[in-house]
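Below: the structure, in structure tokens.
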Amino acid sequence: MEVLMQETPQQYTERILGYQQGQQPLSVMALTPKKLARLLKGKSRAALNKRPEPDKWSIAEVLAHLADAELAFSWRIRLTLGANGTLVQAYDQDAWAAYSNYPKHDPKLSLDAYRIQRERNVQLLRLIPKEMWENFGMHEERGKESVTRLTEMMAGHDINHLRQVEGMAKSKKKRTSGSKSQNNTT
């Protein structure tokens, strides 16, 4: 049995920031909900709930995670803007997924919740004074994170999950379009 090593907070930060290198974080953040909606157009709920592997999230579960992550981001940004230098608590995404029962979430509702909160967050970030981008919180695992860094992290997080969803959507399309006799579940 293969033992997977957990990423350190520093490794996670480097990986996520690497996804958005050379891109404008607010542009990435504004476009991600639209890109997801296009990818999911015409997909059945069954297709969205199908896991690529038993231990990997389905598209529907990724959408539920994005909605929850956007709530956490909303809180962190507002907390940091309102109380510069404040402590920012980490959260366990797997625990949130388990107790929230992500597989039972309505993917459309998850995408709508994500999109609406994301639009509000992008609007807020576009409206704050330039100097507030340097406000920071002290993340309990990753240390000092400015509003700028939090925004870069969310853009990288978006790209990471957008690629994940694109891969699942494409692999399902290939499997179902290969043979006319095959049942089309997408």
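One gets our numbering by counting positions in the sequence shown from 1 and adding 2 to each.
Every residue gets a Cβ at the ideal spot worked out from N, C-alpha and C, and that includes glycine.
The structure presented is a predicted model; accordingly, all values stated were derived computationally and were not measured.
- In the three-state scheme derived from DSSP, where H, G and I count as helix and E and B as strand, T15 is classed as helix.
- Under the 8 Å Cβ criterion, the stretch 154-169 counts as touching the stretch 34-51, having at least three qualifying pairs.
- Residue pairing for M140: DSSP places it in a beta bridge opposite L89 and K146.
- Annotation: the stretch 39-106 contains the following complete segments of the beta strand (DSSP E) (minimum length 3 residues), in chain order: 88-90.
- With respect to the C-alpha of Y104, the residue from V124, A69 and R78 having the closest C-alpha is A69.
- Around W135, the same chain offers V149 and T150 as residues with beta carbons nearer than 6 Å, after the five sequence neighbours per side are excluded.
- Counted as a single uninterrupted DSSP element, the alpha helix (DSSP H) harbouring D114 occupies residues P109 to L129.
- By alpha-carbon distance to T153, the top candidate from L50, N86 and V30 is V30.
- Here the alpha carbon of H67 sits roughly 9 Å from the alpha carbon of Y116.
- Counting the other CB atoms within 10 Å of its CB gives W77 a total below 16, which places it among the exposed residues.
- Sixteen is the threshold: since fewer than 16 other Cβ atoms of the shown chains lie within 10 Å of the Cβ of M140, the residue is exposed.
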